[in-house]
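Visitor: The structure under discussion is supplied below as structure tokens; questions concerning it will follow.
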Amino acid sequence: MKWQGRRGSTNVRSSKGGGKVIGGGIGGIIIAGILWLVFGVNPMTALQTGQVIAGGSGGEASTEPATETDRDTQFVKVVLADTEEVWHQVFNEAGSTYQEPSLILFNGQVSSACGSASAATGPFYCPGDQTVYLDTSFFVEMRQNLGITGDQQGSGSEDNQGKAGDFAQAYVIAHEVGHHVQTLLGITQQVNEAGRQVTRAQANKLSVLQELQADCFAGVWAQRNQERVQFLEAGDIDEAINAAGQIGDDRLAKASGGEVVPDNFTHGTSQQRIQWFTRGLESGNIQSCDTFSGALS
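So that you can map any letter, position 55 of the sequence shown is 55 in UniProt numbering, and since no number is skipped, the others follow by simple counting.
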């Protein structure tokens, strides 16, 4: 993925909170568990299905502008800026104005308007403060524990070690920004309201539809950004599709030795996640991302 040389977002901040996570974070968990934590679980799932009220615990993190010059911070800034450019364009086309989210990089643990979270939670979006949260160890965990290295794209050279896996990482950020888009469009609020009036299994189904739509929005972003700056390289799309395929609720349940129970799904099957990411990627149009099809009416 080509990302160097483009502007970085000024909306990336560093948390002044933080702290050591007891148990060492996600480093020692099996691969399926790491995939679940890194990609598949948004700690706001309960919030988004009406089981938790935003702002119920914790508070906004004390932050300052992210001034770090390390590669991962710069990468995050560029990817977030790319999402800003694309979603400004999409909203302008619809006669509306896009409100940019913040992205907070934290170390160990953080407090948000949705409560506290740790590194083991994985990246998440909080509608309460319209902020994406990302632990600074996230990319390291992906490279070390998921095997996302230069070898994945056919080269083990040192120059490529930091390149392979970039688009899979960008896909995760774009997915979380997709939840922000849902909040701006009022979809998150509708899901919350509907989730409070149905059974747990039905609320889980609403969560699945919401997560699949965020996957589709990530695909829309990728297509639009490709038209804008031609940032994709050989293998990038396969990389994201492979990641999406590994994080379906069905595959993760099997990998962990558990029983596959569709009523417990909160993010969708592997096939569904690939399907909706691909749909957004092929269309570049958010109108193609109606996963709900009347479910909220």
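Ideal placement from N, C-alpha and C gives every residue a C-beta, glycine not left out.
For serine 15, count neighbouring C-beta atoms within 10 Å of its own C-beta (all shown protein chains included) and say buried if the count is 16 or more, exposed if not.
Guide: Taking the first residue of the sequence shown as 1, we reach residue 15 at position 15. So serine 15 counts as buried.
Visitor: Can you tell me whether tyrosine 98 is helix, strand or coil according to DSSP?
Guide: As a working note, residue 98 is residue 98 in the sequence shown. Tyrosine 98 falls in the coil class under three-state DSSP.
Visitor: How long is the line joining the alpha carbons of alanine 32 and phenylalanine 138, rounded to whole angstroms?
Guide: Taking the first residue of the sequence shown as 1, we reach residue 32 at position 32. Taking the first residue of the sequence shown as 1, we reach residue 138 at position 138. Note on alanine 32: pLDDT 37, under 50, position unreliable in the model; no value is reported.
Visitor: So alanine 228 packs on valine 76, CB below 8 Å; how close in whole Å?
Guide: Along the sequence shown, one-based indexing puts residue 228 at 228. Along the sequence shown, one-based indexing puts residue 76 at 76. The amino acid occupying residue 228 in the given sequence is arginine; alanine does not appear at that position. That belief does not hold up - the Cβ atoms of arginine 228 and valine 76 are roughly 19 Å apart, past 8 Å.
Visitor: Quick check: glutamine 210 and valine 191, are their CB atoms within less than 8 Å of each other?
Guide: Residue numbering aside, residue 210 sits at position 210 when the sequence shown is read from its first letter. Residue numbering aside, residue 191 sits at position 191 when the sequence shown is read from its first letter. Contact: yes.
Visitor: Quick one: Cα of arginine 7 to Cα of glutamine 272, how far?
Guide: Stepping through the sequence shown from its first residue, residue 7 is reached at position 7. Stepping through the sequence shown from its first residue, residue 272 is reached at position 272. Computed Cα separation, rounded: 33 Å.
Visitor: Please give the ranges of any alpha helix (DSSP H) in the stretch 67-95, keeping only runs that are unbroken, at least 4 residues long and fully inside the region.
Guide: Fully enclosed alpha helix (DSSP H) runs of 4 or longer: 71-93.
Visitor: One question on the structure: do serine 102 and threonine 131 come within less than 8 Å of each other, judged by their Cβ atoms?
Guide: For this step, residue 102 is matched to residue 102 along the sequence shown. For this step, residue 131 is matched to residue 131 along the sequence shown. In this structure, threonine 131 lies closer than 8 Å to serine 102 by Cβ.
Visitor: In the DSSP output, what is threonine 131 paired with across the bridge?
Guide: Position 131 of the sequence shown, counted from the first residue, corresponds to residue 131. According to DSSP, threonine 131 bridges with Ser102 and Cys126.
Visitor: Return the first residue and the last residue of the beta strand (DSSP E) that valine 110 is part of.
Guide: Looking up residue 110 in the sequence shown gives position 110. That run of the beta strand (DSSP E) goes 109-112.
Visitor: Taking only three categories from DSSP, how would you classify valine 198?
Guide: On the sequence shown, position 198 is the one that residue 198 refers to. Three-state result, valine 198: coil.
Visitor: According to the neighbour-count rule (16 or more other Cβ atoms, all chains shown, within 10 Å of its Cβ), is arginine 224 buried or exposed?
Guide: Against the sequence shown, residue 224 aligns to sequence position 224. Buried, because 16 or more other Cβ atoms sit within 10 Å of the Cβ of arginine 224.
Visitor: Three-state secondary structure (DSSP) at serine 207?
Guide: In the sequence shown, residue 207 corresponds to position 207, counting from 1. Reduced to three states, the DSSP call for serine 207 is helix.
Visitor: Where does glutamine 287 land, buried or exposed, given buried means 16+ other C-beta within 10 angstroms?
Guide: Residue 287 sits at position 287 when you count from the first residue of the sequence shown. Exposed: under 16 other Cβ atoms inside 10 Å.
Visitor: Where does glycine 178 fall in DSSP's three states?
Guide: Along the sequence shown, one-based indexing puts residue 178 at 178. Of the three classes helix, strand and coil, the one that applies to glycine 178 here is helix, per DSSP.
Visitor: Is the Cβ-Cβ distance between glycine 178 and alanine 218 less than 8 Å?
Guide: Reading the sequence shown from its first residue, position 178 is the one you call residue 178. Reading the sequence shown from its first residue, position 218 is the one you call residue 218. A contact, by the Cβ cut-off of 8 Å.
Visitor: Does DSSP put glycine 235 in a helix, a strand or coil?
Guide: In the sequence shown, counting from the first residue as 1, residue 235 sits at position 235. Of the three classes helix, strand and coil, the one that applies to glycine 235 here is coil, per DSSP.
Visitor: Return the first residue and the last residue of the alpha helix (DSSP H) that threonine 279 is part of.
Guide: As a first step, residue 279 is located in the sequence shown; it is residue number 279 there, counting from the start. Sequence check: residue 279 is arginine here, not threonine. Arginine 279 -> alpha helix (DSSP H) spans 270-283.
Visitor: Taking all protein chains shown into account, decide if glutamine 213 is buried (16 or more other Cβ within 10 angstroms of its Cβ) or exposed.
Guide: Taking the sequence shown and counting its residues from 1, the one referred to as residue 213 is at position 213. Answer is buried; the Cβ neighbour count reaches 16.
Visitor: Please classify glycine 165 as buried or exposed, where buried requires at least 16 neighbouring CB atoms within 10 angstroms.
Guide: Start at 1 with the first residue of the sequence shown, and residue 165 comes out as number 165. Buried is the call here.
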